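Protein chains: 2
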Amino acid sequence: MPSWETAKSQRRDDIVAAARALMRRSGVDGFSMRVLAEEAGVSIATPYNLFGSKQAILLEVLAADLKAYETALAEMHADEIEVLFRTVEMMTEVFAEEPDLYRSVIAAVSRDGGPEFRFMVSGPRYLLWKRLLREATEAGLLRADVDPDAFAITVTQHMFANVLDWALGNLSLAEMSGRIRYGLALSLVAIATPRSRAQIESRLKNAEILLQQFWRAALAARLKDGPLDTETRAVLADQLIHIENRSLEESA
Amino acid sequence: MPSWETAKSQRRDDIVAAARALMRRSGVDGFSMRVLAEEAGVSIATPYNLFGSKQAILLEVLAADLKAYETALAEMHADEIEVLFRTVEMMTEVFAEEPDLYRSVIAAVSRDGGPEFRFMVSGPRYLLWKRLLREATEAGLLRADVDPDAFAITVTQHMFANVLDWALGNLSLAEMSGRIRYGLALSLVAIATPRSRAQIESRLKNAEILLQQFWRAALAARLKDGPLDTETRAVLADQLIHIENRSLEESA
DNA sequence: GTATGGATTAAAACGCATTTTAAGGCGTGC
DNA sequence: GCACGCCTTAAAATGCGTTTTAATCCATAC
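These protein sequence lines are chains F and Z, in that order. Numbering-wise (the working numbering), the first sequence opens with residue 898 and increments by one. Numbering-wise (the working numbering), the second sequence opens with residue 898 and increments by one.
Okay, structure coming up:
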């Protein structure tokens, strides 16, 4: 490797490090290429020479963390069904450690991160889920007559959509986690075997109760404090009434 | 209504019409506020006075079509389970009529359409699905012990995620439709009653076969023509091998 | 007929991502 | 020791969404 190459990769690292620090400190709005260049001690043209675009830099920031996550997943041991839910919980824990950083990076990268981003995030995840599902199937815990590709894609996409909703500020981290686990459990119920059905149904019920708690709290708060347009109010009130009825039924 | 108000709403209509025409003609990239203003015969400041932002204008473009879709849905009659799938098919048909327009608008609006967009699209859809699911439940075709909110949100989000994937160019319209129907059928299997199980399982199988056909064609094509990075190749090859094995098994 | 007030306008400006230009720095090979 | 390549740099420029300014239009109210 010629010597300027090492200087170049050093600069690359500096820029990615500066990007991570800046993202953590200033969030998605305080992050501009001009500030980043200044922060990294290079000219504005350099990041473009080395990475090509802003999104490429943010992808690089994400990539390191994704790798750490992958290795953590690889070391995990649990029952073939539990491992699926543990995967979701681990992701939630990773996000919980530095929520601002992850939210900013994921939101920024998804804004127009294009297909590469989608693929970088979904690809490995999809392979992972496919493996996990195959193992559960071999253990006799899931029906064998289901296409693992179709199922893994569905589950992966559901996760991804919820993560995005969280990153864009539409969901708390806890509700994101609850929704993902609910959707996962729901899909798994569809392909459960007699041996696993009770376990998965119980997971589904737990996630359902968790979500209901969130909604009850959130909706009551929103109905209290704001003037809302009528359509919004209708949706919220509908949810609220439903949930309150259900609470009454349950306590009766 | 004072006379300048009518002139104002006339201008609003002109701008929305120009936005729709421009979007249809030039797509998401050729659409800039300066071009739009020129096209509509107003100054650049006027759209901002009347709508506030670019995304608000695009939301307006979408809103009209959404309303037409809603009314078409309201007139639909079918078996309580079939109606769920018909809803997806109707959406697909709407998109198929003017794919460029819808792709552009949805992609543009989702780029940073913010929460209002999410809500405008998801809100009515969520209410619709909740109603449809309630009717199916009352007809004894779905289990009654499932939270309709949680279920409707899950289904709605799954639809939305796939529509977005289509709008961003990651999916053909037909595959989008197939994926949505697969995910819908999968979720419904989980809450099917004995009366509806066979019908839904058959839907699931159909969607599965459709998706497999897409993948077989698409993956073979991609493996042929491009240099791919190793990770991508691994994902694709894995899918391809799986599907080809399955084809062999089936033909055997 | 004239003043009032809301709306549109042209024009300039801001900050942004990105690209292009010419100039300079510096390790490597001769 | 000198020239060649590669890379960084400063600086300016492009086009974007958006905002601000002051000027101007024009239907209504007196």
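Glycine is no exception: its CB is placed at the ideal position from the N, C-alpha and C atoms. Being a predicted model, the structure only gives us computed values, none of them experimental.
**Study point:** Cα-Cα separation, MET1073 of chain Z to TRP1063 of chain Z
**Key:** 6 Å
Check your understanding: Does the ligand COA have a heavy atom nearer than 7 Å to the CB of ALA1047 of chain F?
Key -> Of ligands this structure carries none, so the ligand COA is not represented either.
Point to revise | Cutoff 8 Å: TYR966 of chain Z Cβ touching any chain F Cβ | key: no
Review point. Taking a cut of 7 Å between CB atoms, which residues from the stretch 1025-1042 of chain Z lie near chain F?
Key: none
Practice item. Put ALA1117 of chain F into one of helix, strand or coil per three-state DSSP. Key: helix
Practice item. Entirely within the stretch 899-939 of chain Z and at least 4 residues each: give me those alpha helix (DSSP H) ranges in chain order. Key: 900-923, 930-937
Point to revise | Stretch pair the stretch 1022-1032 of chain F + the stretch 976-989 of chain F: three plus CB contacts closer than 8 Å | key: yes
Point to revise | HIS1055 of chain F, enclosing alpha helix (DSSP H) - first and last residue | key: 1045-1064
Review point. Under a CB-based cut-off of 8 Å, is LEU1051 of chain F close to chain Z?
Key: It is worth fixing the name first, because residue 1051 of chain F is Thr in this sequence and not Leu. True, the Cβ-Cβ gap to chain Z drops below 8 Å.
Point to revise | Whole-angstrom C-beta distance between ASN1059 of chain Z and LEU1068 of chain Z, which should lie under 8 Å | key: In this structure LEU1068 of chain Z touches ASN1059 of chain Z by the C-beta definition: roughly 7 Å separates them, less than 8 Å.
Review point. Are the stretch 904-924 of chain F and the stretch 940-953 of chain F in contact at 8 Å, needing three or more beta carbon pairs?
Key: Touching, yes, given that three or more Cβ pairs across the two stretches are closer than 8 Å.
Exercise for review: Measure from the C-beta of LEU956 of chain F to each C-beta in chain Z and report whether the shortest distance is under 8 Å.
Suggested key: no
Check your understanding: According to the neighbour-count rule (16 or more other Cβ atoms, all chains shown, within 10 Å of its Cβ), is PRO1091 of chain F buried or exposed?
Key -> exposed
Review point. Quick one: which chain Z residues come within Cβ less than 9 Å of LEU1083 of chain F?
Key: VAL1043, ALA1047, PHE1048, THR1051, LEU1083, SER1084, ALA1087, ILE1088
Review point. Based on the DSSP secondary-structure assignment, which residues constitute the bridge partners of ALA1089 of chain Z?
Key: Note: ALA1089 of chain Z is bridge-paired with Z:LEU1039 in the DSSP secondary-structure output.
Exercise for review: Starting from the Cα of HIS1055 of chain F, find the closest Cα among F:GLY927, F:LEU1065, F:SER1019 and give me that residue.
Suggested key: F:SER1019
Practice item. Determine, using beta carbons only, whether LEU1070 of chain F comes closer than 8 Å to chain Z. Key: no
Review point. In terms of alpha-carbon separation, which member of F:VAL932, F:ALA953, F:VAL939, F:ASN1103 lies closest to ALA904 of chain F?
Key: F:VAL939
Practice item. Name, please, each residue of chain Z whose Cβ falls closer than 8 Å to the Cβ of ALA1115 of chain F. Key: By Cβ distance, chain Z contributes nothing, its closest Cβ being about 12 Å from ALA1115 of chain F, past 8 Å.
**Study point:** Assigned secondary structure, ILE941 of chain Z (DSSP; H/G/I helix, E/B strand, else coil)
**Key:** Reduced to three states, the DSSP call for ILE941 of chain Z is coil.
Exercise for review: Under 8 Å by Cβ, that's how I've got LEU970 of chain Z and THR989 of chain Z pegged, so tell me the actual separation to the nearest angstrom.
Suggested key: Going by Cβ atoms, the distance from LEU970 of chain Z to THR989 of chain Z rounds to 13 Å, so no, they are not a contact pair.
Exercise for review: Quick one: residues in its chain with C-beta nearer than 7 Å to the C-beta of VAL958 of chain F, no 5 flanking neighbours on either side, listed in chain order?
Suggested key: VAL913, ALA916, ARG917, MET920, VAL1002
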